[in-house]
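Take a look at the structure below.
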Amino acid sequence: MEATERFVRGQGRYVGDIELPGMLHLAIIRSKYARARLLRVEGGISGRDLSAVIPDVGEGARGESWKIKQPVFATGQVNYLGQPVAAVYADNRYLAEDLMDSVDVSYEPMQPVLDEQEAMTAEPIHPGLNSNVATDQFIGKDFEAKDAEVVLDDAFKIGRIATDPIETRGILVNYDGSRLNVWVSTQAMFSIRNGLCATLGLPITSVRVMQADTGGAFGSKSAMYPEYAIAAFVSMKTHRPVKWLESRKEHLTASRPGRGVSGSMKLFAKRDGTVIGLKGEIIVNGGAYLDGLARFSPMFIGMQLTGPYAIRNGYVRAISVVTNTPPLGPYRGAGRPEAAFFRERMMDLLADELKLDPAEIRIKNATDQVFTNPFGMRIIGSRQFMTEAFDSLEYYRLAREPNGRRGVGISCFVLVPALMEGESCKLKVDNGRIKAWLGGNSHGQAHEVFVRKLIGSTLDVPTGVVDVQPGDTDMITSGVGVWGSRSAIVAGYATVLASQMLKEKVVKTKGLYTPEYLLAGNYEAEVLNEKFDDPSLNSFGANLVTVEVDELGEVTVEECRSYYDVGNALNREMVKGQIAGGMAQGISSVLYEGLIFAKDGTLLTDSIASAGVPPARELPHFVTGITEHPSSLPHGAKGVGEAPTIGVPPALVRAIEKATGVRIRNIPLHPEVLIGPEK
Amino acid sequence: MKISVNFNGRNVDADVEPRKLLVDFIRDDLHLTGTHVGCDTSSCGACTILLDGVAVKSCTMFAVQANNRNITTIEGLSKGDELHRLQSAFIEEGGLQCGYCTPGMIMTSAWLLSNNAAPTEKEIRNGISGNLCRCTGYDSIIRSIQKASSDRRGGRK
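Chains as they are written, first to last, in numbering that gives the first Met the number 0: chain A, 0 to 678; chain B, 0 to 156.
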């Protein structure tokens, strides 16, 4: 049965749906404070029983080491609200939650450091460190813009956001006496396998990870987490299957949230609108424990600051700090939206300063040929794209309409996909059917659709003979994961290469290729992508948003439109579905969402509603425009998944600014900003 | 406590703990896992079922409160192999991505269409605003409901 039919019938098999005989349920006792000395932990399983640290795996992993690593259980000190302190287990979840009361924990609360700017000068949160600054690097080259006629500076802040998939995290571990069999809701089964092995000191062959149907992720389900190690530990200890399902409140406190970045920008330009250079400082809130993502993030944001424009000078200070908040994770875009927001805000400021049209100033700074920015990012010519985009979005018509309390905003950006090597596809032909396994599998992107299409077209077979198998680390050598707008590109490419390999095998045995020869035989092919670099894969996008803002600062989004170069769309409906869903997140990340902490570290937004996931009545109808300029890969794909969360926020914020006359520097945006006395 | 509930046309007698939520009874005791849990504050609607034909979030009720009532879960919506028109429409219009909110969304939609055979877009947006979807941005869900509505009026089951 097709995945979509299983889902509409209620026959999905999410991790919460899997039952094993004798299964135990795990409940986690978590820190009540953002920062406190841990004086006593009595009862349950705690750091005395399992002393281990979480390795750097998943999106953004760099394999670098930093001396403060996240422990599975806190000992000595807790460093964020929701940090695991102890665990209990029982035959069902009700009993496990009852047992939580049997664990006695004493704390001595301390003043937390929650904000990235505050962390720069605050006393170090971790004993033994001199400062909260974990990375502090300069990228690009310092410059003097002597010919600059306009110099503008401004500072911005993007708050933390929870990823909030409707299915929270979950894992089921069954230790069979020799191996750990793991079912998990994930974006990256190999990261979970490698993470469990590294945390618990197990050989790779002793863990099998199977991806259950995964109910959304948006970045938070690629990392290794303490709860996974605890479930595995308890299963090995009890020789029983152990299930842990995250509650929503746990998700909001203890899953990795995204964003949390401050940026100061200085822009140097000529009076004709030509931008000469850009300087900046980026401070990323890495949370209580850093891994590769948090350390890489400020550089990644800095590197993209020129976007689709030919800005020749750039110099950025890229900082990440530790704070008493959950460790930073990726959230749809993961650095890309931050870069676009900082840059597009400055382009709008420049347009206002020079009294030029925002579209005109963007086109003026576009490039006609391949351009390498001061940080090494390469783009192809962007001018033609922008010209087409503003026409297609009907910017000029909408901008001319009388406005009153209405406003129009546009944005342009580059989507830099995550192209790291090692994405994989394995194909096996048997009994007239082709089985396909991927290293990174769907959590809502319908990989099976493009895999079938690419196999069908490469091998000239009906797509109906292809069975895309669930993710299973025992069935394929290795893989990376599903994030960073990469799957259509890298998993698609691996699928094409594996299909071509099958073809060659048929030719080798039969002298020529026919689909009949293929399906009559037994063949196998497995491909791991090598790294490739093609500037056309850094794809362009533009958004337009119109709003009306009432006298109370309530924003109504009227039009939300995209114009994205998605390469060769492998399935147009899926692409448009990704865009609509992403635009909803782009809007809500400005207007509704956010994790808000009180000064003492208490989370004020502790439900999915107060954290701002919007219902249908708060969102507009989306106009999902695309253009298809194929990449140089054989299947012509480019990325799309993150485009809307990159492009929508700056366009929306600009529209609000035009409607209200209030310059907007911080998101999420609160209505009082729009009607405050400073106006 | 002993309860007797009609689930998807089948009578079920059970002895349940008074504190057990209806959603947990449905999932853990009846193994009808199409009814999902997405939050702990009755905000997301993933657990929506029909109670005597009315859409209810099954995390807001105790199982004992369902005594002598008729409950339809997503598993009871189709007639064997034959999908309910809403289920077909969600597939045809791409009204789902990860599929997790889908059963609750479809149950709410069934209730919506039972009260209003031809809802406007605004009525649909309001009608499904107790159910959260994080993937689609709702447009494709609204199209799915519109399609099911016009299919019904066009005579399709």
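All residues carry an ideal CB built from backbone N, CA and C; glycine is no exception.
Identify the contact partners of ASP138 (chain B) in chain A, using a Cβ-Cβ distance below 7 Å as the criterion. Under a criterion of Cβ atoms nearer than 7 Å, the residues of chain A adjacent to ASP138 (chain B) are, in order, ALA579, HIS620, PHE621.
For GLN577 (chain A), three-class secondary structure by DSSP: Residue state for GLN577 (chain A) is assigned as helix, using DSSP reduced to three classes.
Can you tell me whether LYS145 (chain A) is buried or exposed, with buried defined as 16 or more other CB within 10 angstroms of its CB? By the Cβ neighbour-count rule, LYS145 (chain A) is exposed, with fewer than 16 other Cβ atoms within 10 Å of its own.
Answer with yes or no whether the minimum CB distance from PHE6 (chain A) to chain B is below 7 Å. So yes, PHE6 (chain A) belongs to the interface.
What are the residues of the region 242-275 of chain A that lie near chain B, defined by any Cβ-Cβ distance shorter than 7 Å? Within the region 242-275 of chain A, the residues whose Cβ lies closer than 7 Å to some Cβ of chain B are SER246, ARG247, LYS248, listed in chain order.
Close-in-space but distant-in-sequence residues of the same chain around LYS248 (chain A) (CB under 8 Å, 5 per side omitted): Same-chain partners within the cutoff: ASP605, SER606.
Once the 5 residues before and after SER254 (chain A) are set aside, which same chain residues still bring their CB inside 8 Å of it? For SER254 (chain A), the CB contacts under 8 Å within the same chain, skipping 5 residues up- and downstream, are ALA161, THR162, THR167, ARG168, SER219, TYR224, GLU245, PRO325, GLY328 in chain order.
Kindly list the residues whose CB is nearer than 8 Å to the CB of CYS196 (chain A), restricted to its own chain and excluding five residues on each side of it in sequence; keep chain order. Closer than 8 Å at the Cβ level, and outside the excluded window around CYS196 (chain A), lie PRO202, ILE203, SER205, VAL206.
Contact criterion: CB-CB distance below 7 Å. Does CYS38 (chain B) meet it with respect to chain A? Cβ-Cβ to chain A under 7 Å: yes for CYS38 (chain B).
For SER261 (chain A), which residues does DSSP report across the bridge? Answer is A:LYS156, A:ILE282.
PHE531 (chain A) by DSSP, collapsed to three states: which one? The answer is coil: DSSP assigns PHE531 (chain A) none of H, G, I, E or B.
Quick one: Cα of MET0 (chain A) to Cα of ILE90 (chain B), how far? Distance between the alpha carbons of MET0 (chain A) and ILE90 (chain B) is about 12 Å.
Does chain B have any CB closer than 7 Å to the CB of LYS678 (chain A)? Low per-residue confidence applies at LYS678 (chain A): pLDDT is 43, beneath 50, and the placement is therefore not dependable, though the value from the model is reported in the following sentence. Not one chain B Cβ lies under 7 Å of LYS678 (chain A).
Close Cβ partners of GLN96 (chain B) (< 7 Å) along its chain, the five nearest in sequence each way excluded: Taken in chain order, the residues that qualify are CYS134, THR135.
Output needed in chain order: residues of the region 612-645 of chain A with a Cβ under 7 Å from some Cβ in chain B. For the region 612-645 of chain A, which is checked against every Cβ of chain B, the residues closer than 7 Å are VAL612, PRO614, ALA615, ARG616, LEU618, HIS620, PHE621.
I need the boundaries of the beta strand (DSSP E) containing GLN210 (chain A), first residue and last residue. 206-210 is the span of the beta strand (DSSP E), which, as asked, contains GLN210 (chain A).
From LEU437 (chain A) to ILE488 (chain A), what distance separates their C-alpha atoms? Roughly 13 Å separates the two Cα atoms.
Cross-chain neighbours of GLU122 (chain B) in chain A, by beta carbon under 8 Å: Under a criterion of Cβ atoms nearer than 8 Å, no residue of chain A is adjacent to GLU122 (chain B); the nearest Cβ is some 10 Å distant.
Would you say ASP100 (chain A) faces chain B, with C-beta separation under 7 Å as the test? False, the Cβ-Cβ gap to chain B never drops below 7 Å.
Those residues which DSSP pairs with LYS242 (chain A) across a bridge: Looking at the DSSP output, LYS242 (chain A) bridges to A:HIS24, A:LEU171.
DSSP-derived helix/strand/coil call for LYS504 (chain A): Looking at LYS504 (chain A) - three-state DSSP - the assignment turns out to be helix.
For a quick check, are the C-beta atoms of LEU113 (chain A) and PHE596 (chain A) less than 7 Å apart? Closer than 7 Å, so yes.
With distance defined between alpha-carbon atoms, name the residue in A:ARG405, A:GLY470, A:ALA268 nearest to ASP704 (chain A). This structure does not reach residue 704 (chain A), given that chain A is present from 0 up to 678, and the question cannot be answered.
So ALA608 (chain A) contacts chain B; which residues on that side make the cut at Cβ distance below 7 Å? Listed along chain B, the residues sitting closer than 7 Å to ALA608 (chain A) by beta-carbon distance are THR40, SER42.
Going by C-alpha distance, which of A:VAL622, A:GLY600, A:VAL589 is nearest MET109 (chain A)? When only C-alpha atoms are compared, the closest one is A:GLY600.
Could you check whether the Cβ of MET0 (chain B) sits closer than 7 Å to any Cβ belonging to chain A? Among the residues facing chain A, MET0 (chain B) is not included, as its CB has no counterpart in that chain under 7 Å away.
Using only the alpha-carbon positions, how far apart do ALA51 (chain A) and ARG61 (chain A) sit? The straight-line gap from Cα to Cα measures roughly 20 Å.
Chain-ordered neighbours of ALA2 (chain A) on chain B, where CB pairs are closer than 8 Å: The answer, in chain order, is GLY98.
Show which residues of chain A have a CB atom less than 9 Å away from the CB atom of ILE127 (chain B). The contacting residues are PRO614, ALA615, ARG616.
How many angstroms separate the CA atom of PHE72 (chain A) from the CA atom of GLU523 (chain A)? When rounded, the distance between both Cα atoms is 44 Å.
Go ahead and pull the three-state DSSP assignment for ARG68 (chain B). Reduced to three states, the DSSP call for ARG68 (chain B) is coil.
With a threshold of 7 Å between beta-carbons, can HIS442 (chain A) be considered close to chain B, or not? Chain B contact via Cβ: present.
DSSP three-state label for LYS427 (chain A), please. In this structure, LYS427 (chain A) counts as strand in the three-state DSSP scheme.
Proximal residues of chain A, C-beta to C-beta of THR72 (chain B) below 8 Å: Under the 8 Å cutoff, chain A gives GLY9.
Mind checking the region 163-183 of chain A against chain B and listing, in chain order, the residues whose C-beta falls within less than 7 Å of any C-beta there? Correct list: ASP163, PRO164, ILE165, GLU166.
Taking Cβ-Cβ distances shorter than 9 Å, what residues in chain A pair up with ALA45 (chain B)? ILE165, GLU166, GLY214, listed in chain order.
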